[in-house]
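Read the structure below first, then the notes.
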Amino acid sequence: MSAIELRNINKVYGNSFHALRDLSFDIRDGEFMVFVGPSGCGKSTALRMIAGLESITSGELRIGGRLVNDVDPKDRDIAMVFQSYALYPHKTVRENIAFPLQMAGLPKTEIANRVDEAARTLELTTLLDHRPALLSGGQRQRVAMGRAIVRKPAAFLMDEPLSNLDAKLRVQMRAEIASLQRKLNVTTIYVTHDQVEAMTMGDRVVVMKGGVLQQVDTPQNLYNRPDNVFVAAFIGSPSMNLYEAVLNGRTLTLGSNSFEIPDRVFEYRPSLNGASNRQVIIGIRPEHMNDAAIRPSSAEISAPVTLVEALGSESMVHLNIDASWVDAGDPDAVADIGDEKAAVARFSPKSTARAGDIARVAVDAEELHFFEPDTRTSIW
Amino acid sequence: MRRARRFNINGILVNAAALVLVLSYALPYVYLLMTSIKPAADVQQIPPSFLPAVVSLENFREVLQSSALPKAFASSLAVAVLTTVLSLAVAVPAAYVATQYRRRITTLFLLFALVTRMVPSVSLGVPLFQLLKSLGLLDTIPGLVLAHTSAAVPLALLLMSAFFEGVPKELEEAARMDGCTRFQAFRKIILPVMIGGIAVTALFTFITSWNEFLYALLLTSEATKTAPIVIAEYNSVYGLAWGAMTAAAVLYSLPVIVVTLALQKQIVGGLTFGAVKG
Ligand SMILES: Nc1ncnc2c1ncn2[C@@H]1O[C@H](COP(=O)(O)OP(=O)(O)O)[C@@H](O)[C@H]1O
Ligand SMILES: [Mg+2]
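Dropping the structure here:
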């Protein structure tokens, strides 16, 4: 078990593409750390540098206090689960799991015991003599896990290990991996582009974009206190709604709507005090907008309804808010919403709002997020 | 059973087309076979007959009793085996590196291998002759092995590259994470996975050397003459010995055919290897 430290890590690929910029953070001993971000943001690059499969252009990488920049993968005492599983096709499940132990030169009886133990943990006992080609995707995934845990390494690295499974199996394996990690208590880095996986599995989450670290924090803090517009929009589904607005004293003007901001917000974010015609970006999560007819509020806006998705337990109401929509730079968010500039509100299923109506929307103004329009960072 | 009816209409056409194709490339060989089992006297009859009137093993008896042919077979075998071993020892690692560590230089390297395959061997015969002569390797087994290897390596390189293209990079990476050096990963994981492809490449390399005529003609004389040369000489040294020649040719073709049939499964598996499923 080991802590992992990254200090000003940079990666410039052979084609002079600068994939990672000044990455610095710590992963604590025994922690489950998730790397998340849109595809191409450098998650795999960072993971592969920690594994030793990719050279470090500059910066320092320490595992268990030891500087490992130039240490071979085999000498880093780290196990990795690949997205494609990378099982050895000519070896049986037993031989696949035993291979790292053989390479470590363990005695035969010890290997047999450890393989059996790993197989029991992962419910692979009946498959030990099969070849990978005969296994289902979920079983292959377990074998890849088995090959990793059997070594009792200092850390596990996993690169989108569930992305080749169907949705149902993915949810099941997500829980199994998280509970296995808690049981083994081995430092783990888990890469995913799926923020739901990140939020449900990680002790802490590293959010990245374009090779730059955005925020390292617990899932709760990422959700409640995002450092910038990108994290605010990336974490949570549907995404946070982001608009340009003007704050004057306590009055917020959002397009043609205005409402008062409660005192608590100013205690929470003191630098908003005394604003006069201050341009801000505001963020409202879908669950903080409700049907005013059901839950009235002192802060209300009205907006035309463009679409209602009734999900049974709630209704996703798309609103056309007449303020400047802010692009957070998250490609996935746009894909989620469809018509990108609509705001999404999570109404109670009792709401009678229909497409074409002008809805009265109660905004939970205490829950508003505020960002600087130029730096796009949170205003505290 | 709807498939059965379709098979009747399309299947017959497909089978007929396949039969025509097979006949067109098998016909010369069948004719060779038929000629070899005719009595020596019937071979040159005019007009020639396709089927033998009488089946006789006279031609085979004759070539096996002569001393030249067994010796030539031994030379051919030694040259082909050594060429195969040497070519694979060079081409397998080279192809792996060229495909797995893609750089502009490795692409050029493979392209160059392809280009050398296009140079007619006639134009390389004389330089090879001079080279071997200055090395004192004319009419020796190592000399001919080197000449055949120079022709076989580019072929083996291209074949093995095609096979290695299908090996995901993660396989080597997984092995390195599991405690292998790069070389151990290659030896313990990549080579065993590629065994089908290596078998196919070995067979093609072996056949290239076994069947080779021109270099053998130029670079050997009495001491290490290979079988194709001896077979051709039946028409000059012993007059027009068509019968003996066809019998020797049939005998010479048998090992290759037997090995190919025996390795049938590996070859088809190797040729359609594709991505390694993990
Ligand atoms: N070997 C490479 N050479 C050049 N660019 C690369 C290489 N590998 C990855 N990249 C680039 O680096 C960026 C980050 O890639 P990657 O770490 O795989 O992203 P992610 O895993 O977050 O999707 C991408 O833009 C990708 O195109
Ligand atoms: Mg990736």
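Heads up: the protein sequence lines correspond to chains A and B, in order. Number 102 in my numbering belongs to position 102 of the first sequence; there are no gaps in the numbering. Here my numbering = 1-based position in the second sequence + 1000. Where a beta carbon is used, it is the ideal one built from N, C-alpha and C, also for glycine. Bear in mind that the values here come from a model prediction, so they are computed numbers and not experimental data.
Short Cβ contact (8 Å threshold) for residue i with residue j
i: Glu1170 of chain B; j: Ser84 of chain A; result: yes
i: Asp1178 of chain B; j: Met103 of chain A; result: yes
i: Met1160 of chain B; j: Thr1201 of chain B; result: yes
i: Val150 of chain A; j: Leu127 of chain A; result: no
i: Ala343 of chain A; j: Ile321 of chain A; result: yes
i: Arg285 of chain A; j: Met240 of chain A; result: yes
i: Arg28 of chain A; j: Ala46 of chain A; result: no
i: Ile301 of chain A; j: Phe266 of chain A; result: no
i: Met80 of chain A; j: Asp203 of chain A; result: no
i: Ala1175 of chain B; j: Ile1189 of chain B; result: yes
i: Phe25 of chain A; j: Val205 of chain A; result: no
i: Asn228 of chain A; j: Gln214 of chain A; result: yes
i: Gly30 of chain A; j: Val186 of chain A; result: yes
i: Ala1113 of chain B; j: Leu1146 of chain B; result: no
i: Ala1162 of chain B; j: Ser1087 of chain B; result: no
i: Ala299 of chain A; j: Val196 of chain A; result: no
i: Ala1068 of chain B; j: Val1230 of chain B; result: yes
i: Arg174 of chain A; j: Leu162 of chain A; result: yes
i: Leu987 of chain B; j: Thr1220 of chain B; result: Nothing in the structure corresponds to residue 987 of chain B, since chain B is present only between 1001 and 1278.
Chain A within 8 Å of residue i, Cβ atoms only
i: Gly1166 of chain B; result: no
i: Asp1178 of chain B; result: yes
i: Ile1229 of chain B; result: no
i: Leu1108 of chain B; result: no
i: Ile1198 of chain B; result: no
i: Phe1273 of chain B; result: A caution first: Phe1273 of chain B carries a pLDDT of 44, below 50, which makes its placement in the model unreliable, though a value can still be read off. No - not a single Cβ of chain A is within 8 Å of the one on Phe1273 of chain B.
i: Ile1105 of chain B; result: no
i: Val1092 of chain B; result: no
i: Met1001 of chain B; result: In this predicted model, Met1001 of chain B has a pLDDT of only 44, less than 50, meaning its place in the structure is not dependable enough to derive any value.
i: Val1193 of chain B; result: yes
i: Asn1201 of chain B; result: First, the amino acid is wrong: residue 1201 of chain B is Thr here, not Asn. Not one chain A Cβ lies under 8 Å of Thr1201 of chain B.
i: Thr1181 of chain B; result: yes
i: Glu1173 of chain B; result: yes
Rounded C-alpha distance that separates residue i from residue j
i: Leu64 of chain A; j: Glu5 of chain A; result: Correcting the residue type first, residue 64 of chain A is Gly in the shown sequence and not Leu. Roughly 8 Å separates the two Cα atoms.
i: Arg21 of chain A; j: Asn10 of chain A; result: 5 Å
i: Val143 of chain A; j: Ile1012 of chain B; result: 47 Å
i: Leu135 of chain A; j: Arg1182 of chain B; result: 28 Å
i: Pro219 of chain A; j: Asn96 of chain A; result: 35 Å
i: Ala1262 of chain B; j: Leu1077 of chain B; result: 18 Å
i: Arg269 of chain A; j: Asp327 of chain A; result: 23 Å
i: Phe99 of chain A; j: Arg140 of chain A; result: 16 Å
i: Phe1164 of chain B; j: Tyr1096 of chain B; result: 6 Å
i: Thr382 of chain A; j: Phe156 of chain A; result: The requested residue 382 of chain A does not occur in the structure, where chain A is confined to residues 1 to 380.
i: Leu1019 of chain B; j: Leu1203 of chain B; result: 26 Å
i: Met1118 of chain B; j: Asp1042 of chain B; result: 42 Å
i: Val1276 of chain B; j: Gly137 of chain A; result: Note on Val1276 of chain B: pLDDT 44, under 50, position unreliable in the model; the coordinate value appears next. Going from the Cα of Val1276 of chain B to the Cα of Gly137 of chain A covers about 15 Å.
i: Val246 of chain A; j: Gln279 of chain A; result: 5 Å
i: Thr1208 of chain B; j: Ala133 of chain A; result: 34 Å
i: His130 of chain A; j: Thr1149 of chain B; result: 40 Å
i: Gln1045 of chain B; j: Met1034 of chain B; result: 14 Å
i: Ile1257 of chain B; j: Leu1027 of chain B; result: 16 Å
Closer than 8 Å to chain B by CB, residue i
i: His130 of chain A; result: no
i: Tyr223 of chain A; result: no
i: Ala104 of chain A; result: yes
i: Tyr13 of chain A; result: no
i: Lys152 of chain A; result: no
i: Met80 of chain A; result: yes
i: Phe99 of chain A; result: yes
i: Pro107 of chain A; result: no
i: Tyr88 of chain A; result: yes
i: Leu53 of chain A; result: yes
i: Lys74 of chain A; result: yes
i: Val16 of chain A; result: Here residue 16 of chain A turns out to be Ser, not Val, going by the sequence shown. Closer than 8 Å: no.
Check: residue i C-beta below 7 Å from any heavy atom of ligand 3
i: Pro1093 of chain B; result: Among the ligands in the structure shown, ligand 3 does not appear; only ligand 1 and ligand 2 can be found there.
Strand pairing of residue i, partner residues [DSSP]
i: Glu60 of chain A; result: A:Arg7
i: Val363 of chain A; result: A:Met289
i: Val391 of chain A; result: Lying before the first or after the last residue shown, residue 391 of chain A is absent from chain A, which here runs from 1 to 380.
i: Tyr243 of chain A; result: A:Ile282, A:Trp325
i: Glu197 of chain A; result: In DSSP, Glu197 of chain A forms no bridge with anything.
i: Leu254 of chain A; result: A:Asn257
i: Gln215 of chain A; result: A:Val207
Residue-level contact to chain D via CB, residue i, 8 Å cutoff
i: Ile1189 of chain B; result: Looking for chain D here will not work: the only protein chains present are A and B.
Query - Ranges of the beta strand (DSSP E) found wholly within the region 53 to 117 of chain A, counting only runs of at least 3 - result: 58 to 63, 78 to 81
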